[in-house]
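Residue numbers (mature numbering (1 follows the signal peptide of the UniProt record, and there is no 0)): -22 to -1, 1 to 300. C-beta atoms are modelled at their ideal positions from N, C-alpha and C, and glycine is treated no differently.
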């Protein structure tokens, strides 16, 4: 065998030994195994694996263990991984359409959140398609509540507090409330509080309970500020390379995961709020003064949003309101 033939033969063996994309897919997620979003994704993966008789398997990398949260979308886009999950409004700096579900007091109930997603989905699908990505399913968090080390009676009580932020909207919200925003991912919340890096946060009862918030703070108020969502996306080229039966299995499991995820979220809101109370956190209804102050901040933020939003983003808000 000549050197050329030997090289070609070796190259052929290398190609043959490379797993075909679609055999096993790495699936990064930003949240831990105890979060219902991750449990829902695990069930999605199991349903696809069952429907394809093991022809398409997933390895779930939870809690940012494969890629940090901020890098997951880019990793899917660049085909470092074919599929991934991220918090939708993290993309609001790319286009305001991504961040509407995290605008304070725009959609504060599951009914409103569903209506907003129906308005968002076609626009977001088009935006992601331009980057070679396809949304598979979106699942909301429970409505966001306020966690502190004492009862907050008015917005003025937030002044000067170091405030955990997880997206651009919360950074703006904290600043308008006179607080100091600090970027902290969900898995790092306990350490951030214990070291004094943050003193207050707005997040879901799910994240609060999963973080064992009772270990580092004392009060929770269900202000129902917004109902943000996570999004699972797939790389379009990776998806297109799959056999049609595997593509259909993914779409069927995605539809089931979205419906199941919304139901899980609704059950979670009640259960985790009770868990907070059972572990000693004082759960209190927000005062009229606090709600009024928070809504005023939300209105200021929406006016700023409107000045900078794309036409497509404004169409989402119009469709939602009408």
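Its Cα nearest to that of residue 242, the residue 88 stands out among 73, 95 and 88. Between the segment 46 to 66 and the segment 179 to 186, the count of Cβ pairs shorter than 8 Å is below three; the stretches do not touch.
By the Cβ neighbour-count rule, residue 271 is buried, with 16 or more other Cβ atoms within 10 Å of its own.
Residue 158: member of the beta strand (DSSP E) spanning 158 to 161, first to last residue.
Counting the other Cβ atoms within 10 Å of the Cβ of residue 299 gives fewer than 16, which makes it exposed. Setting aside the 5 residues that flank it on each side, residue 40 is surrounded in the same chain by 7, 9, 10, 11 and 16, each with a C-beta closer than 7 Å to its C-beta; the list follows chain order. Residue 194 carries a coil assignment under DSSP once its states are collapsed to helix, strand and coil. By the Cβ-count criterion, residue 236 is buried, with 16 or more other Cβ atoms from all chains shown falling within 10 Å of its own Cβ. Contact check for residue 178 against residue 139 passes: the beta carbons are separated by less than 9 Å.
If only complete runs of 4 or more residues are kept, the segment 189 to 262 shows the alpha helix (DSSP H) at 214 to 218 and 222 to 256, in order along the chain. Here residue 28 is exposed, its C-beta having fewer than 16 other C-beta atoms within 10 Å. Here the segment 94 to 112 makes no contact with the segment 155 to 164; the two share fewer than three CB pairs at distances below 8 Å. Linking residue 279 to residue 222 through their CA atoms gives a straight-line distance of about 45 Å.
The C-alpha of residue 74 is placed about 19 Å away from the C-alpha of residue 119. Annotation for residue 119: no alpha helix (DSSP H) segment contains it, and DSSP assigns it neither H nor E. Non-local C-beta neighbours of residue 232 in its own chain, meaning closer than 8 Å and more than five positions away in sequence, comprise 22, 114, 115 and 210, ordered along the chain. For residue 127, the closest alpha carbon among the candidates 193, 106 and 79 is that of 193.
The Cβ atoms of residue 31 and residue 2 lie no closer than 9 Å to each other. Under the DSSP assignment, residue 284 falls in the alpha helix (DSSP H) whose first and last residues are 266 to 286. Here residue 111 is bridged, per DSSP, to 213. Judged by their CB atoms, residue 84 and residue 141 are not nearer to each other than the 9 Å cut-off. Judged by beta-carbon spacing, residue 111 lies beyond the 9 Å limit of residue 207, meaning their Cβ atoms are not closer than that value. In the structure shown, residue 32 falls within a coil segment according to DSSP collapsed to helix, strand and coil.
The residue among 239, 244, 285 and 269 with its C-alpha nearest the C-alpha of residue 20 is 239.
Secondary structure note for residue 13: it is in no alpha helix (DSSP H), with a DSSP letter that is neither H nor E.
Taking a contact as a CB-CB distance under 8 Å, the pair residue 273 and residue 180 does not count as one, their CB atoms being some 14 Å apart.
Within the model, the alpha-carbon separation for residue 130 versus residue 81 is close to 21 Å. When the alpha-carbon of residue 104 is set against those of 86, 117 and 76, the nearest one is in 76. Around the beta carbon of residue 256, fewer than 16 other beta carbons sit within 10 angstroms, so the residue counts as exposed.
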